[in-house]
Amino acid sequence: MKAIAYYASLPISDEKSLQDIELPEPVAGPRDLLVEVKAISVNPVDTKVRQNVQPEGGAAKVLGWDVAGVVKAVGSEVTLFKAGDKVFYAGSIARAGGNSELHVVDERIVGHMPKTLGFAEAAALPLTAITAWELLFERLQVREDKTDEGQSLLIVGAAGGVGSILTQLASQLTGLKVIGTASRAQTQSWVRDLGADQVIDHSQPLSEELKRAGFEHVTHVASLTQTDQHLDQLVEALAPQGKLALIDDPKSLDVTKLKRKSLSLHWEFMYTRSLFETADMIEQHKLLNRVAGLIDAGTLKTTVGEHFGTINAANLRRAHELLESGKSKGKIVLEGF
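So this is what it looks like as structure tokens:
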């Protein structure tokens with residue numbers, strides 16, 4: 001089968017940083033689906049793994065943790081899907097990625113694809129939807145109703161992949177006032193269109209920007225990028241006993257700054273369930289099915305920012321380059337081989 005992989009961690013400007021190769025077809029385990037990959041999207045995790053994880057023993061390493069496709073075959077213990085089903089999922093970081101014509105994935109982290117979307121639009125959703133859902137409803141423990149009316153959520157980096165779906169979830173399903181950050185006119189407009197009540201500029205001091213927008217403090221923060229750079233401002237912006245959730249990888253984080261206000265800190269890593277095969281791993285299957293229903297009902301919309309064409313090494317290098325620049329908006333998708 002066709003696949004895109006790398007053999008050594010190289011700068012994305014190097015043509016060998018991602019290469020078109022041929023690999024044997026994978027075989028589904030007992031609880032696995034064998035999926036014919038129709039479309040993928042690209043995430044910051046792809047660039048981080050490519051830059052920092054050397055393939056073992058000279059083997060090819062395949063990236064890609066957002067897939068939409070069709071089930072070709074199922075393992076002996078599969079109960080949730082059958083051949084021919086259209087699916088979408090983010091996969092497991094402990095296994096080979098989905099940048100290949102065929103891919104195997106545990107059925108417990110797979111959802112039925114939204115009926116109203118094409119493959120490319122569906123591929124934009126799984127990793128970011130799982131991250132945003134778990135961060136909002138499980139880590140920050142916001143209620144999926146109007147219970148939290150009068151409280152507020154600051155989303156730092158609201159125009160990115162996770163921010164684009166988190167903004168929608170918070171504005172559509174909760175009682176929170178949603179303040180998104182974006183630094184360019186184009187991305188600020190994108191965040192407003194996704195439902196944010198206010199948009200502020202994260203290139204300026206956040207606590208001052210919030211006050212200009214009419215918010216003395218916020219009760220919740222979702223810090224999706226540059227948490228170490230913004231930490232002092234986030235502590236300043238949070239109300240006493242507020243909650244700070246983050247998904248990025250700060251080199252250091254002085255958590256003692258949270259003590260005076262009794263602020264709580266919450267990490268979200270959507271691979272935890274699949275990496276450790278937790279007892280509640282199937283919650284990601286349920287979550288993705290729920291997201292598909294919300295898409296089909298028109299409550300949520302796909303977060304495609306750009307379609308980069310066919311799934312091949314050259315187009316994936318372009319996608320990695322844009323993500324590394326920090327200037328992407330929404331999700332980058334590729335479709336077909």
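Quick note: the sequence shown, position 51, residue 51 per the UniProt record's numbering, numbers continuous.
For glycine and all other residues, C-beta sits at the position ideal for the given N, C-alpha and C.
This structure is a prediction, so every number in the text was calculated from the model and none was measured.
Cβ neighbour criterion (16 or more within 10 Å) applied to residue i
i, result
"Pro-30", "exposed"
"Lys-86", "buried"
"residue 407", "Because the chain in this structure spans residues 1 to 337, residue 407 falls outside the shown range and cannot be described."
"Gln-241", "exposed"
"Asn-315", "buried"
"Asp-280", "exposed"
"Thr-167", "buried"
"Thr-227", "buried"
"Trp-190", "buried"
"Gln-284", "buried"
"Arg-212", "exposed"
"Val-110", "buried"
Residue i - partner residues in DSSP beta bridges
i, result
"Ala-267", "Note that residue 267 is Trp in the sequence shown here, rather than Ala. Leu-246."
"His-103", "Val-35"
"Val-304", "Lys-331"
"Ala-222", "Ile-155 and Ala-245"
"Ser-41", "Val-333"
"Gly-62", "The residue asked about is misnamed: residue 62 is Val in this sequence, not Gly. Partner(s): Ala-5."
"Val-255", "Answer by DSSP bridge pairing: none, since Val-255 is not bridged."
"Val-71", "Val-35"
Delimiting residues of the alpha helix (DSSP H) encompassing residue i
i, result
"Glu-77", "Careful: Glu-77 lies outside any alpha helix (DSSP H) and carries neither H nor E."
"residue 350", "This structure does not reach residue 350, given that the chain is present from 1 up to 337, and the question cannot be answered."
"Asn-315", "313-325"
"Leu-127", "126-133"
"His-230", "227-237"
"Leu-117", "Premise fails: Leu-117 is in no alpha helix (DSSP H) and is neither H nor E."
"Thr-272", "272-276"
Continuous beta strand (DSSP E) stretch holding residue i: start and end
i, result
"Phe-88", "86-89"
"Ala-292", "First-last for Ala-292: 283-296, but that is the alpha helix (DSSP H), not the beta strand (DSSP E)."
"Val-110", "110-112"
Cβ-based neighbour list, residue i, same chain, cut-off 8 Å, excluding 5 preceding and 5 following
i, result
"Asp-249", "Lys-48"
"Gln-233", "Pro-205, Leu-206 and Ser-207"
"Ile-12", "Leu-18, Thr-47, Arg-50, Arg-317, His-320, Glu-321 and Glu-324"
"Leu-102", "Met-1, Glu-25, Pro-26, Leu-34, Val-35, Glu-36, Val-37 and Lys-72"
"Ser-171", "Val-178, Leu-194, Gly-195, Ala-196 and Asp-197"
"Glu-144", "Phe-137, Leu-173 and Thr-174"
"Asp-201", "Thr-181, Ala-182, Ser-183, Gln-188 and Glu-209"
Any non-hydrogen atom of the ligand MN within 7 Å of residue i CB
i, result
"Ala-279", "Among the components modelled here there is no ligand, and therefore nothing to report on the ligand MN."
Nonlocal neighbours in the same chain, by C-beta distance under 7 Å from residue i, ignoring five residues either side
i, result
"Pro-44", "Leu-323"
"Gln-188", "Ala-182 and Val-199"
"Arg-318", "Phe-308"
"Leu-238", "His-217, Val-218, Val-221, Leu-244, Lys-261 and Leu-263"
"Ala-28", "Leu-34, Ala-73, Val-74, Gly-75 and Val-104"
"Ala-5", "Gln-19, Ile-21, Ala-60, Lys-61 and Val-62"
"Glu-268", "Thr-131, Glu-134, Leu-135, Arg-139, Ala-245 and Ile-247"
Cβ shell of residue i (< 6 Å), same chain only, five flanking positions each side left out
i, result
"Ala-59", "none"
"Thr-303", "Ala-124, Ser-164, Ile-165, Gly-330 and Lys-331"
"Ala-129", "Ile-165 and Val-291"
"Ser-76", "Pro-30"
"Ile-93", "Tyr-271"
"Val-162", "Thr-128, Thr-131, Ala-132 and Leu-224"
"Leu-210", "Ala-237"
Practice item. Please specify which runs of the alpha helix (DSSP H), each continuous and at least 4 residues long, are wholly inside the region 168-213, giving them in chain order. Key: 185-193 and 206-212
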